[in-house]
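Enquirer:
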Amino acid sequence: MTLFFLIAAFLIIPLVEIWILIQVAASTGLLNTIGLLIVLSVIGAWLVKREGLSVFRKAQNELVQGQLPERQILDGLLILFGGALMLTPGFFTDFIGFCLLFPPSRILFRTILIKRMSSRISNQHSYIRNSRVQWVYSKRQDETIEILETSHLEEDD
-19 MTLFFLIAAF LIIPLVEIWI LIQVAASTGL LNTIGLLIVL SVIGAWLVKR
31 EGLSVFRKAQ NELVQGQLPE RQILDGLLIL FGGALMLTPG FFTDFIGFCL
81 LFPPSRILFR TILIKRMSSR ISNQHSYIRN SRVQWVYSKR QDETIEILET
131 SHLEEDD
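The sequence shown begins at -19 in the working numbering and counts up one residue at a time.
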């Protein structure tokens, strides 16, 4: 899966971007295409600032209430990645970047990311179980409890 992702990221996506840029430039003209890319980048930078500040304020409010801002941390990472995609010239990456910047579609990406991360953790469960640290999973997916084996701990007298 990682190899496919790397091939897609460094080979397929640039080819798709070049093809889309050629198609748009052929129908609208080169200067209009460049102008559209610049306008999309400016709008993307404004959205990154707006959404980033919004998530930052929500995270601050949760911290003041004594809660861990888990969703806001993931949203912040998705906004950062979306902003990086917006800086990459091309319409395909701009589209994905816009999807990461808008809250309704960001919820979908966040849900997919959480499911992928939790499936990877559950796949590594048997490996972790055979090491010195045992992991006990509660019924809630977002709660993990770490239990150290007592034979490896030193007693203070």
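Ideal Cβ positions, reconstructed from N, Cα and C, are used throughout, including at glycine.
Can you tell me whether R109 is buried or exposed? The criterion is at least 16 other CB atoms within 10 Å of its CB, across all chains shown.
Expert: Within the sequence shown, residue 109 is the residue found at index 129, counting from 1. Unreliable placement is indicated for R109, whose pLDDT of 49 sits below 50; the coordinate value is still reported in the next sentence. Exposed, by the Cβ-count rule.
Enquirer: For R30 and N12, what's the separation of their Cα atoms in angstroms?
Expert: Taking the first residue of the sequence shown as 1, we reach residue 30 at position 50. Taking the first residue of the sequence shown as 1, we reach residue 12 at position 32. Those two C-alpha atoms are separated by around 27 Å.
Enquirer: Is T73 buried or exposed, if buried means 16 or more other CB atoms sit within 10 Å of its CB?
Expert: For the purposes of this step, residue 73 is identified with residue 93 of the sequence shown, where counting begins at 1. It is buried - the Cβ of T73 has at least 16 other Cβ atoms within 10 Å.
Enquirer: Report buried or exposed for I59, applying the criterion of at least 16 other Cβ atoms within 10 angstroms of its Cβ.
Expert: On the sequence shown, position 79 is the one that residue 59 refers to. It is buried - the Cβ of I59 has at least 16 other Cβ atoms within 10 Å.
Enquirer: Consult DSSP for T13 and reduce its assignment to one of helix, strand or coil.
Expert: Walking along the sequence shown from the start, residue 13 turns up at place 33. DSSP places T13 in helix when its eight states are reduced to three.
Enquirer: Is the beta carbon of G24 closer than 7 Å to that of G70?
Expert: Within the sequence shown, numbered from 1, the residue matching residue 70 stands at position 90. Within the sequence shown, numbered from 1, the residue matching residue 24 stands at position 44. Not a contact, by the Cβ cut-off of 7 Å.
Enquirer: Round the Cβ separation of R86 and L80 to the nearest angstrom and send it over; I've been treating them as touching at under 8 Å.
Expert: Taking the sequence shown and counting its residues from 1, the one referred to as residue 86 is at position 106. Taking the sequence shown and counting its residues from 1, the one referred to as residue 80 is at position 100. Between L80 and R86 the Cβ distance is about 6 Å, and since that is below 8 Å, they are a contact.
Enquirer: Measuring alpha carbon to alpha carbon, tell me which of G63, P(-6) and E(-3) ends up nearest W26.
Expert: Against the sequence shown, residue 26 aligns to sequence position 46. Residue G63 holds the alpha-carbon nearest to the alpha-carbon of W26 among G63, P(-6) and E(-3).
Enquirer: When you compare each of E50, I(-8) and D55 to L88 by their alpha carbons, which one comes out closest?
Expert: Here residue 88 refers to the residue found at position 108 when the sequence shown is read from its first residue. Ranking E50, I(-8) and D55 by Cα distance to L88 puts D55 first.
Enquirer: Does P(-6) come out as helix, strand or coil in the three-state DSSP assignment?
Expert: Within the sequence shown, residue -6 is the residue found at index 14, counting from 1. Residue state, collapsed to three classes: helix.
Enquirer: Assuming Q47 contacts V35 (C-beta within less than 8 Å), just tell me the rounded distance between them.
Expert: Walking along the sequence shown from the start, residue 47 turns up at place 67. Walking along the sequence shown from the start, residue 35 turns up at place 55. Going by Cβ atoms, the distance from Q47 to V35 rounds to 15 Å, so no, they are not a contact pair.
Enquirer: Alpha carbon to alpha carbon, how far is L57 from E50?
Expert: Along the sequence shown, one-based indexing puts residue 57 at 77. Along the sequence shown, one-based indexing puts residue 50 at 70. Taking the straight line from one Cα to the other gives about 11 Å.
Enquirer: Determine the DSSP secondary structure at P83, reduced to helix, strand or coil.
Expert: For the purposes of this step, residue 83 is taken as residue 103 along the sequence shown, with counting starting at 1. Reduced to three states, the DSSP call for P83 is helix.
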